[in-house]
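Colleague: So that we are looking at the same thing, I have put the structure below in structure tokens.
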Amino acid sequence: MDNDLLGSTMKFKKKFPDKSSKDNDTDVKEEKIISKKIDKVKDWLQEWKKAYNIEDYEESFKKRVKAEEELLELLKEFQALSDKPLTENDMLEVIQDTFGANFTTSADLLGSPFKYNKKSFDKTWQDKKDKYVKEDKKNKEFWKPTKYNYDEGMKTEYFHKEDSVNSVDASTNLLGSPFKYNKKAQDMTWQEKKDLVKPKKDFNNKKWDNVDKGWKKIFPLGSSNSADKEVDHRQKAPDDSEVQHGSMKWDSVDKGWKKISTLNDKTVKDMQEFLKAWETAEKKLKSETSREYEMQKEISEKCTNRSVAAPSGCPFANLLQAPAISQSLVNCALMAEQVRRDLGKCLDMSFLPKECKPVWRTQCFSAYKYRRIDGTCNNPVHPTWGKSGTPFVRMVAPDYGDGVSSIRTSKNGDLLPNPRYLSHKLYSKKMKPDLNVTSLFISFGLIIDHDMVQTAINTNSIPCCDEKFDKYPESRPKECLQIDIPEGDPFYGPRNVKCLNFVRSTPVHGECGGRREQLNKATSFLDGSAIYGSTIDRTKTLRSFNKGQLRTQRINNTPYMASPDGIGTNCGTPSKPFKCFAAGDSRVNMLVELMAMHTLWYREHNRIAEELHKINPQWSDETLFQEARKILIAELQHITYDEFLPVLLGEEAMNYFQLNIEHDEYYDGYDETVNPSVFNVFGAAAFRFGHSLIKDMVDLVGSDNRSEGSVALHETFFNAQLLYNNHLDSLLRGATSQKINAIDSFISKEVREHLFQPHDKDFGHDLAAVGIQRGRDHGLPPYNKWRSVCGLTEVKSWDDLESIMNPERINKLKEVYQVVDDIDLIPGALAETPVKGSLLGPTYICLIGRQFKKTRKGDRFWYEMADGVAAFTRDQLIEIYKSNMARIICDNSDRIESMQKSSFIVKSENNPVFKCEEIPKIDLSKWKASY
1 MDNDLLGSTM
11 KFKKKFPDKS
21 SKDNDTDVKE
31 EKIISKKIDK
41 VKDWLQEWKK
51 AYNIEDYEES
61 FKKRVKAEEE
71 LLELLKEFQA
81 LSDKPLTEND
91 MLEVIQDTFG
101 ANFTTSADLL
111 GSPFKYNKKS
121 FDKTWQDKKD
131 KYVKEDKKNK
141 EFWKPTKYNY
151 DEGMKTEYFH
161 KEDSVNSVDA
171 STNLLGSPFK
181 YNKKAQDMTW
191 QEKKDLVKPK
201 KDFNNKKWDN
211 VDKGWKKIFP
221 LGSSNSADKE
231 VDHRQKAPDD
241 SEVQHGSMKW
251 DSVDKGWKKI
261 STLNDKTVKD
271 MQEFLKAWET
281 AEKKLKSETS
291 REYEMQKEIS
301 EKCTNRSVAA
311 PSGCPFANLL
321 QAPAISQSLV
331 NCALMAEQVR
341 RDLGKCLDMS
351 FLPKECKPVW
361 RTQCFSAYKY
371 RRIDGTCNNP
381 VHPTWGKSGT
391 PFVRMVAPDY
401 GDGVSSIRTS
411 KNGDLLPNPR
421 YLSHKLYSKK
431 MKPDLNVTSL
441 FISFGLIIDH
451 DMVQTAINTN
461 SIPCCDEKFD
471 KYPESRPKEC
481 LQIDIPEGDP
491 FYGPRNVKCL
501 NFVRSTPVHG
511 ECGGRREQLN
521 KATSFLDGSA
531 IYGSTIDRTK
541 TLRSFNKGQL
551 RTQRINNTPY
561 MASPDGIGTN
571 CGTPSKPFKC
581 FAAGDSRVNM
591 LVELMAMHTL
601 WYREHNRIAE
611 ELHKINPQWS
621 DETLFQEARK
631 ILIAELQHIT
641 YDEFLPVLLG
651 EEAMNYFQLN
661 IEHDEYYDGY
671 DETVNPSVFN
681 VFGAAAFRFG
691 HSLIKDMVDL
701 VGSDNRSEGS
711 VALHETFFNA
721 QLLYNNHLDS
731 LLRGATSQKI
741 NAIDSFISKE
751 VREHLFQPHD
761 KDFGHDLAAV
771 GIQRGRDHGL
781 PPYNKWRSVC
791 GLTEVKSWDD
801 LESIMNPERI
811 NKLKEVYQVV
821 DDIDLIPGAL
831 AETPVKGSLL
841 GPTYICLIGR
851 QFKKTRKGDR
861 FWYEMADGVA
871 AFTRDQLIEI
881 YKSNMARIIC
891 DNSDRIESMQ
901 KSSFIVKSEN
911 NPVFKCEEIP
921 KIDLSKWKAS
931 Y
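See below:
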């Protein structure tokens, strides 16, 4: 940071020659002054960071505003060093050079119509407001202190606290205009008024441009998204005679003032009506919820079965800790949802609890050509769609036992079959031969999965199977949903294992109460977050900040992912510990084949960044990093849709869901109304299809294509020994040669009995049981419901399954489930006969196809897009189309010299092996910059 500050300060000094530079005797003194100012900027940056780390929004906002005021003072001091006025562009350049291209201010400092000039420093926003109020009594009435401000920009009438970032309404943005609305000026155009103004020292043509930009800031009336609109303050102002706002065109200042006047009147009226309505609703909600609580309490005292109630989505869930009375909880949740429907979003309101889903206030700059690390602002109209840390979305309403949070029960009211019992009964016998699909297909699928899905789970390990809970079950944490081992279990029974640990996913309860939902810690976009991270802090730990490169370490003189301090040394055996690797996704060390896949993509980024630096040596570290990241994401998206999904879904489904890549034209399917957020069912069930593909062993193959042996899969969990011992190429050759299991009712014992097995034990967890339990935890409806959602034939009896799956699988399901409507999604979908040309049955094809369709349609930065600031040129896009997984392996393995055309399919006459130099390669010279 010190170097960045010094560099930007020197650039500032060069751009605006110092007044004292004419006198050589003052150089030393001048450098001291600049040094002190740099220290001030450093101090300011620390205060800025502290302000953003404050959890309380009101306090954080005040701190940020104070920090911005201090920034203005610093800029005044820099101004004193210059002979020239400091323009807005200069401000942005200096600030962004110092703090990064993403720098924005909470109070819309640079978006104000009061452009930077020496005089404006002495006229604060409050001064202008006070002057406005003083001049007109009506204005005073409008500015009368109120609890809420009206925001025209939201689709619903959303009232938020006065100190909100977005609380400045459209009219206040015009207070700095030199023209006040009057009847006489009604017919004068903007250009005429401009021409009439006599040239003055403090209001020259340059400031006219600033006024124009101020007008551009006005919200387009009637727009449903004005609060999220932004203006690129660096772009050229529109013609003076016409300022365009979406579908509206104002040809004069006066028409604008008329619109603002109308808005002000509507604001006051709507605000008064809303406050009255809210006061009534608030009293009603308090009263009805109080009655619900009293009823709950009365019933509780009469109950003999005092099982503890799980927290619901109700605003007063913390009061309802008596036994669970399902109907009461449902009624309470419905009340909260009714208020939400009637009055819009109410998260900042009155007595409602802070556990409600937070509001993300995000300012977007659509001219910024790189996607944000956390996924925000991909859609400027809906900035949080697809953002990391937001809830999964539902394809269909959840199915909870109490309608709010508890896991569903059987149709007759009994408990559903034990997940471990289902795992043993359904998945222990292999029924189908291996596929001609390679093990690399699984590793790449994991990259996609981890790129789009990371369910938030309590990071503090909760020992749900602690023996003390057997004696005092009521003391077991409410988030426990442990999997009890059935009596007579042939594997865990002899080992005296009675329970498998399971903690529920971190809950979020809708807007102001409601059913339990789950958070996605990853971005929902296919954007390389598994490589780069889904938070800025994570990304910073991975970057070297040198020539756009990611941090690396040398192992056997070859580059691997770094192992920063704090990562730990638990990625080996007790006798041979190895440091774990760091990547964008924390699950990188889960198994060695996944580590190898991460290594390929990590090296690919650095390879691209290095080539771009040779082609464009003038590019900064930030530009190199972002351009390399942009290219890598395009490669990842292309390989997913052009190689991976056709194998998984088949040609018919690819056509039906419009997933095919057209290699000779741009994609025009982007739709800003499509929410790309990941479906809950996709992450919790559908994309877990790969569990059935896993083999027992990891094959190693040498350069002569001869076997170098195999390793039991469970021995590669959190064990990087093969990579540290220089076996990357052997792993990759094995992964592109080894056939995988067919998708059916069979899952390898390596993950069904030895998942993450500790070194001092001979058993581990059960992945199949975990998958079933996770689906119930997330409230996923049963298998039959999903068939209905997908438009497939609904199953009404066991006989109806005969056209969907083979008799042996039907008999197995009949043995463990009472009725067809009880079947969990994963066991039902895996038992389906695969569609011709696909690996999956029709239900999973539907659920996965729908997700990837909207992943593409809802991504403004999708690599095939023709429009927008992020679009590739046609020549660049042609190069991206050359991307393939075989090329990634050739470029980033240690010494692999040949690979089959499709690395996801075993080599054959139809899929021959090529030398690496024969496989198409991206020509990065197409990224040669003209500046």
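Sequential numbering of the sequence shown, starting at 1, is according to UniProt numbering.
The beta-carbon is built from N, C-alpha and C at its ideal position, and this holds for glycine as well.
Could you name each continuous beta strand (DSSP E) segment of 3 residues or more that falls completely within the region 763-816, going from the start of the chain to the end?
Modeller: none
Colleague: Would you list the one or two residues that DSSP bridges to LYS739?
Modeller: THR438
Colleague: Sort PHE444, LEU728, ALA628 by Cα distance to residue 932 and report the nearest one.
Modeller: One cannot answer for residue 932 here, as it falls past the ends of the chain, which runs 1 to 931.
Colleague: How far does the alpha helix (DSSP H) with PHE914 in it reach, from first residue to last?
Modeller: Premise fails: PHE914 lies in the beta strand (DSSP E), 913-915, not in any alpha helix (DSSP H).
Colleague: Here's the rule: buried if 16 or more other CB atoms are within 10 angstroms of the residue's CB, otherwise exposed. What is ALA929?
Modeller: exposed
Colleague: Can at least three beta-carbon pairs, one atom from the region 862-875 and one from the region 620-635, be found at a separation below 8 Å?
Modeller: yes
Colleague: For the region 506-547, which segments carrying the beta strand (DSSP E) assignment without a break, of at least 3 residues, lie completely within its bounds, in sequence order?
Modeller: The qualifying runs are 517-520.
Colleague: Expressed to the nearest angstrom, what Euclidean distance is found between the alpha-carbon atoms of residue 932 and ARG895?
Modeller: Outside the displayed span of the chain (1 to 931) sits residue 932, for which this structure offers no information.
Colleague: Taking only three categories from DSSP, how would you classify ARG340?
Modeller: Residue placement at ARG340 is flagged as unreliable, the pLDDT there being 41, under the threshold of 50; the coordinate-derived value follows with that caveat. Taken through DSSP and simplified to helix, strand or coil, ARG340 comes out as helix.
Colleague: Does the region 843-852 touch the region 683-691, meaning 3 or more C-beta pairs lie closer than 8 Å?
Modeller: yes
Colleague: Identify the residues that DSSP records as bridge partners of CYS499: which are they?
Modeller: ASP484
Colleague: Ordered along the chain, which non-local residues of its own chain (more than five positions away) have a Cβ less than 6 Å from that of HIS714?
Modeller: GLU750, HIS754, GLN757
Colleague: Look up GLU708 in the DSSP assignment and say whether it is helix, strand or coil.
Modeller: strand
Colleague: Count the CB pairs spanning the region 810-817 and the region 414-429 that are closer than 8 Å, and state whether there are at least three.
Modeller: yes
Colleague: Mark GLU794 as exposed unless 16 or more other C-beta atoms lie within 10 angstroms of its C-beta, in which case mark it buried.
Modeller: exposed
Colleague: Between which two residues does the beta strand (DSSP E) containing THR552 stretch?
Modeller: 552-555
Colleague: Indicate whether the contact test is met: 3 or more Cβ pairs, each with one atom in the region 699-718 and one in the region 804-811, closer than 8 Å.
Modeller: no
Colleague: Quick check on this structure: which residue in LEU500, TRP385, ASN589 has the alpha carbon closest to the alpha carbon of ILE531?
Modeller: ASN589
Colleague: According to DSSP, PRO391 sits in a beta bridge with which residue or residues?
Modeller: Paired residues: LEU519.
Colleague: Output needed for THR573: all residues of its chain with C-beta closer than 8 Å, excluding positions within five of it in sequence on either side, in chain order.
Modeller: ASN719, GLN721, HIS759
Colleague: Assuming contact is defined by CB atoms lying nearer than 8 Å, are GLY548 and GLY584 in contact in what I supplied?
Modeller: no
Colleague: Below 8 Å between beta carbons: does that hold for TYR560 and PHE545?
Modeller: no
Colleague: Can you tell me which of THR523, ILE747, ASN660 puts its alpha carbon nearest to the alpha carbon of VAL770?
Modeller: ILE747
Colleague: What are the boundary residues of the beta strand (DSSP E) that includes PRO473?
Modeller: Note, PRO473: premise wrong, no beta strand (DSSP E); not H, not E.
Colleague: How many whole angstroms separate the CB atoms of LEU526 and MET452, which I take to be in contact at a CB cut-off of 8 Å?
Modeller: Their Cβ separation, rounded to whole angstroms, is 6 Å, which keeps LEU526 and MET452 in contact under 8 Å.
Colleague: Answer with buried or exposed for ALA712, where buried requires no fewer than 16 other C-beta atoms within 10 angstroms of its C-beta.
Modeller: Around the Cβ of ALA712, a 10 Å sphere holds fewer than 16 other Cβ atoms; the residue is exposed.
Colleague: Taking the C-alpha atoms as reference points, what is the distance between LYS579 and ARG587?
Modeller: C-alpha separation (whole angstroms): 14 Å.
Colleague: Does the beta-carbon of VAL869 have 16 or more other beta-carbons within 10 angstroms, so that it is buried, or is it exposed?
Modeller: exposed
Colleague: Classify ALA397 as buried or exposed, calling it buried when 16 or more other Cβ atoms lie within 10 Å of its own Cβ.
Modeller: exposed
Colleague: Locate the beta strand (DSSP E) running through VAL906, then write down its first and last residues.
Modeller: Premise fails: VAL906 is in no beta strand (DSSP E) and is neither H nor E.
Colleague: Flag this pair as yes or no: are the beta carbons of GLN518 and SER529 separated by less than 8 Å?
Modeller: no
Colleague: Should the region 652-672 be called in touch with the region 902-911, which here means at least 3 C-beta pairs below 8 Å?
Modeller: Too few Cβ pairs lie closer than 8 Å, so no.
Colleague: How is the alpha helix (DSSP H) around TYR427 delimited, first residue to last?
Modeller: 419-427
Colleague: Between TYR666, LEU767, PRO781, which has its C-alpha nearest LEU877's C-alpha?
Modeller: TYR666
Colleague: Taking only three categories from DSSP, how would you classify SER898?
Modeller: It is a strand residue.
Colleague: Does DSSP classify VAL453 as helix, strand or coil?
Modeller: coil
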